[in-house]
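Q:
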Amino acid sequence: MNSDYEQTTDGQAWLRALKTNQLRYPSEFVVRWLSRVRRELPKECNALDMGFGAGQHLKLFMEFGLRAWGTELLNDAINMGEQVLHGQPLAGKLIKGDLDHPDLPAQGFGAFLSWGSLFLKPVDGIRESLQRIATLLQPHGRALFNLRTHDNWFYGLGVENPPKHWVLDKRAGPYSGGRYTFFLNEDEVRDLISGTGLEIENIERTDWWQNQLSERHSWWVVQAVRQ
């Protein structure tokens, strides 16, 4: 994506979300995943967070003894990440750009995370990213990412283009202007990952409701390993 991402409709949507919801705590799923895979990774190891947002998982990487790298498309997020990494012995590099950035070394990472960002791309873009992830990971490197299901409250509130990928309209409230891909079932997720160079270790699903149980959020949570 180009450097003008912040001026696009979905870039503005994510900038609003970043300013409104500056999360300082990590996801329970990410904590559990790192607790399991850390002992299987080299002692000195790079970890990459795609779309790191406010940087809560960069901090978590370092707490697990991993050198924290991250990619983002928003200048505000880069600034937040720099504050998180400032002066830290396990600070890696923060990159404004996508996974094809030349500063990301092939086979340079033991762990990869995309929590809340991979599904912003259309299906073909997600598959290309998964292929790129496989090239960035070391042999037997681990990956964790989540994908939206059809059971999200704002699914279908907009225009579908291309298939499975929705440009959300005003009915989606704080998500309006965003672009989301939704996957119907586990088979679609498995088909997506097949042939990318990654092998699924585990798939879970998590659902939660907010605003007096009026709004449902739902994700597939995928743990994978480089083949």
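The sequence shown lines up with residues 13 to 239 when you count with our numbering. Positions of the beta carbon are idealized from the N, C-alpha and C atoms, including for glycine.
If we count the other Cβ atoms within 10 Å of its Cβ and call it buried at 16 or more, is asparagine 164 buried or exposed?
A: Classification for asparagine 164: buried.
Q: Reducing DSSP to helix, strand and coil, say where glutamine 224 ends up.
A: It is coil, neither helix nor strand.
Q: Using CA atoms only, rank isn't needed, just tell me which of Leu85, Leu53 and Trp231 is closest to proline 151.
A: The residue with the shortest Cα to Cα distance from proline 151 is Leu53.
Q: Where does aspartate 61 fall in DSSP's three states?
A: The answer is strand: DSSP assigns aspartate 61 an E or B state.
Q: What do you get for asparagine 14, buried or exposed, if any count of 16 or more other CB atoms within 10 angstroms of its CB means buried?
A: Here asparagine 14 scores only 46 on pLDDT, less than 50, and its place in the model is too uncertain to base an answer on.
Q: Looking only at C-alpha atoms, which of Ser47, Glu56, Asn158 and Phe194 sits nearest to leucine 72?
A: Considering only alpha carbons, the answer is Ser47.
Q: Helix, strand or coil: how does DSSP classify histidine 177 here?
A: In the structure shown, histidine 177 sits in a strand (DSSP, three-state: E or B).
Q: Are there three or more Cβ pairs, one per stretch, closer than 8 Å when the segment 189 to 196 is compared with the segment 217 to 227?
A: Cβ pair count under 8 Å is below three, so no.
Q: For a quick check, are the C-beta atoms of histidine 177 and proline 134 less than 8 Å apart?
A: Result yes, Cβ atoms of histidine 177 and proline 134 sit closer than 8 Å.
Q: Which partner residues does serine 230 have in the DSSP bridge list?
A: The partner list for serine 230 (beta bridge, DSSP) reads Asp219.
Q: Considering only residues of the segment 153 to 214, which uninterrupted beta strand (DSSP E) runs meet the minimum length of 3 residues and lie entirely inside it, listed in chain order?
A: Qualifying beta strand (DSSP E) stretches, in chain order: 170 to 172, 177 to 180 and 191 to 195.
Q: Determine the burial state of alanine 118: buried for a count of at least 16 other Cβ atoms within 10 Å of its Cβ, exposed for fewer.
A: Exposed, because fewer than 16 other Cβ atoms sit within 10 Å of the Cβ of alanine 118.
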